[in-house]
Amino acid sequence: MKAGLVYDSIYLEHDTGDHVENPRRLMATMSHLEETGTKEKLTMLSPRPASMEEIEMVHTPDYISYVKTKAEKGGGWLDPDTVMCPRSYEAALYAVGGLLAAVEAVMKGEADSAFALVRPPGHHAIHNRAMGFCIFNNVAIAAKFVLSEFNLSRVLIVDFDVHHGNGTQDAFYADPKVLYFSTHEYPFYPGTGRMDETGTGEGEGTTVNFPMAAGWGDEEYLRAFNEVLVPVAQRFQPQLILVSAGFDPHWVDHLAMMQVSITGFAQMAMILKKLAAELCQGHLVFTMEGGYNLRVLASSVKATLDVLLGNSEIDDPLGKASMERKPGGFDEHIAEIKRTHRIGG
Ligand SMILES: [Zn+2]
112 MKAGLVYDSI YLEHDTGDHV ENPRRLMATM SHLEETGTKE KLTMLSPRPA
162 SMEEIEMVHT PDYISYVKTK AEKGGGWLDP DTVMCPRSYE AALYAVGGLL
212 AAVEAVMKGE ADSAFALVRP PGHHAIHNRA MGFCIFNNVA IAAKFVLSEF
262 NLSRVLIVDF DVHHGNGTQD AFYADPKVLY FSTHEYPFYP GTGRMDETGT
312 GEGEGTTVNF PMAAGWGDEE YLRAFNEVLV PVAQRFQPQL ILVSAGFDPH
362 WVDHLAMMQV SITGFAQMAM ILKKLAAELC QGHLVFTMEG GYNLRVLASS
412 VKATLDVLLG NSEIDDPLGK ASMERKPGGF DEHIAEIKRT HRIGG
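For what it's worth, the working numbering labels the leading residue of the sequence shown as 112, then goes sequentially.
Shown next as structure tokens:
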């Protein structure tokens, strides 16, 4: 299996100081991929800067020039969580373009699947505003790009970051061509992602939110994937699967309260890989969103890449969360989501 990896040191130039979303996230991940011999098995892909036309598929020209000007003036805060430096605009163009390069490689058959190890992340960014460490919405632009550039009519975006991808949901809320499926801690930042947010107009039914109670973990995530994602994806028949991969639902990650393990992330990647093989010739592209514990992040990206490479052995140096009392109610919760989306009998 040929698995592509997009990486470039430009992503380290988005210098956010001692912010949790900082260059060390990618440095630790790349070192781990090198030390474990994973990198040499990957097909390295070079990013390019996204064009204005590409960014404008999701963002307003005013917002794009605001970010550019802010970088030229030395950077600063875009919202209470999102900071930029003079190089952040350029890095953000390459983050979008890195994911576009990954998508192009997979669509042209140069790689079977790919992972874009980029930053800044994207899934909170909306058409005219930065939010939650995100400047441009990488995954939303990639979906628009592949729809137009490769003449597709159905793209699935799966977002397992612990935070709801409000920006991605927004971009496609009325669009039947993009099915957005998200698991996320709820209630939590950014406040969106209730199960009754299902899309509007022609896009009714193509937003599938699976809110998670704080404390749920592998078992609940895997059931959400197997019992909700798989049937809605089979019904939708995507031609490409994009994944907003955030490793912040891990039990060690302190930004949230979920209990997913590295093995859990690998099992989710296996489900996605199997779905892509069944539905869209294996076309599967991951992009990095959150994940703030460096050890978790490095090992989780490696585990995901091991799945893409077809390695059956998964390293999980941190293991499962120690057993604590888990909130109940999952059976009723998943049943309600299935009813909402008319899944099963
Ligand atoms: Zn997140």
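Where is the CB? At the ideal position from N, CA and C, for every residue including glycine.
Check whether the Cβ of residue i sits closer than 7 Å to any heavy atom of ligand 1, and report yes or no.
| i | result |
| --- | --- |
| residue 401 | yes |
| residue 310 | no |
| residue 273 | yes |
| residue 190 | no |
| residue 357 | yes |
Thinking C-alpha only, which one of the options is nearest residue i?
| i | options | result |
| --- | --- | --- |
| residue 444 | 432, 355 and 323 | 323 |
| residue 112 | 292, 217 and 362 | 217 |
| residue 386 | 344, 332, 139 and 427 | 344 |
| residue 225 | 419, 453 and 425 | 419 |
| residue 58 | 147, 244 and 201 | Nothing in the structure corresponds to residue 58, since the chain is present only between 112 and 456. |
| residue 379 | 240, 414 and 179 | 414 |
| residue 349 | 237, 332 and 390 | 390 |
| residue 367 | 436, 453, 118 and 327 | 327 |
| residue 121 | 115, 150 and 158 | 158 |
| residue 377 | 423, 119 and 153 | 423 |
| residue 165 | 285, 219, 335 and 254 | 254 |
| residue 452 | 388, 283 and 320 | 320 |
| residue 310 | 301, 455, 176 and 285 | 285 |
| residue 197 | 123, 450 and 162 | 123 |
| residue 301 | 194, 383 and 275 | 275 |
| residue 335 | 152, 174, 136 and 454 | 454 |
| residue 145 | 439, 416 and 427 | 416 |
| residue 384 | 353, 406 and 296 | 353 |
| residue 221 | 395, 405, 421 and 174 | 395 |
| residue 147 | 426, 442 and 430 | 426 |
| residue 457 | 295, 181, 180 and 161 | Summary: the structure shown does not reach residue 457, with the chain confined to residues 112 through 456, and so no result is reported for it. |
| residue 215 | 240, 256 and 392 | 256 |
Ends of the beta strand (DSSP E) at residue i?
| i | result |
| --- | --- |
| residue 297 | Where residue 297 is concerned, there is no enclosing beta strand (DSSP E), given that its DSSP letter is neither H nor E. |
| residue 193 | 193 to 195 |
| residue 267 | 266 to 270 |
| residue 249 | Element bounds for residue 249: not the beta strand (DSSP E) but the alpha helix (DSSP H), 249 to 260. |
Return yes when the C-beta of residue i is under 7 Å from any heavy atom of ligand 2, and no when it is not.
| i | result |
| --- | --- |
| residue 270 | Ligands displayed in this structure: ligand 1; ligand 2 is not among them. |
Just list the residues that DSSP pairs residue i with in beta bridges.
| i | result |
| --- | --- |
| residue 397 | 226 and 354 |
| residue 115 | 154 and 225 |
| residue 245 | 242 |
| residue 237 | 240 |
| residue 467 | One cannot answer for residue 467 here, as it falls past the ends of the chain, which runs 112 to 456. |
| residue 312 | Its beta-bridge partners do not exist; DSSP assigns none. |
| residue 370 | 328 |
| residue 361 | 371 |
My understanding is that residue i touches residue j, with C-beta atoms under 8 Å, so please give their C-beta distance in whole angstroms.
| i | j | result |
| --- | --- | --- |
| residue 272 | residue 401 | 5 Å |
| residue 340 | residue 292 | 5 Å |
| residue 464 | residue 231 | A query on residue 464 cannot be resolved here, the shown segment of the chain reaching from 112 to 456 and no further. |
| residue 156 | residue 213 | 6 Å |
| residue 409 | residue 140 | 5 Å |
| residue 356 | residue 306 | Not a contact, Cβ separation roughly 22 Å. |
| residue 237 | residue 281 | 5 Å |
| residue 457 | residue 332 | Because the chain in this structure spans residues 112 to 456, residue 457 falls outside the shown range and cannot be described. |
| residue 267 | residue 347 | 6 Å |
| residue 313 | residue 287 | 5 Å |
| residue 361 | residue 433 | About 14 Å; that fails the 8 Å criterion. |
| residue 242 | residue 278 | 7 Å |
| residue 211 | residue 229 | Residue 211 to residue 229, Cβ: 10 Å. No contact. |
| residue 403 | residue 194 | So it is not a contact: roughly 15 Å between Cβ atoms. |
| residue 117 | residue 227 | 4 Å |
| residue 373 | residue 337 | Contact doesn't hold; Cβ gap of about 19 Å is too wide. |
| residue 119 | residue 205 | 6 Å |
| residue 461 | residue 190 | Only positions 112 to 456 of the chain appear in this structure, which leaves residue 461 out of reach. |
Where do the ends of the alpha helix (DSSP H) carrying residue i lie?
| i | result |
| --- | --- |
| residue 206 | 199 to 218 |
| residue 321 | Counting along the chain, residue 321 falls outside any alpha helix (DSSP H), though it belongs to the beta strand (DSSP E) covering 318 to 323. |
| residue 187 | First-last for residue 187: 187 to 190, but that is the beta strand (DSSP E), not the alpha helix (DSSP H). |
| residue 415 | 405 to 420 |
| residue 278 | 277 to 282 |
| residue 122 | First-last for residue 122: undefined, no H or E at that position. |
| residue 179 | 172 to 183 |
| residue 345 | 341 to 347 |
| residue 136 | 135 to 146 |
| residue 163 | 163 to 166 |
| residue 443 | 441 to 451 |
Would you verify that the beta carbon of residue i is, or is not, closer than 8 Å to some beta carbon of chain D?
| i | result |
| --- | --- |
| residue 247 | No chain D appears in the structure shown, which is made up of a single protein chain. |
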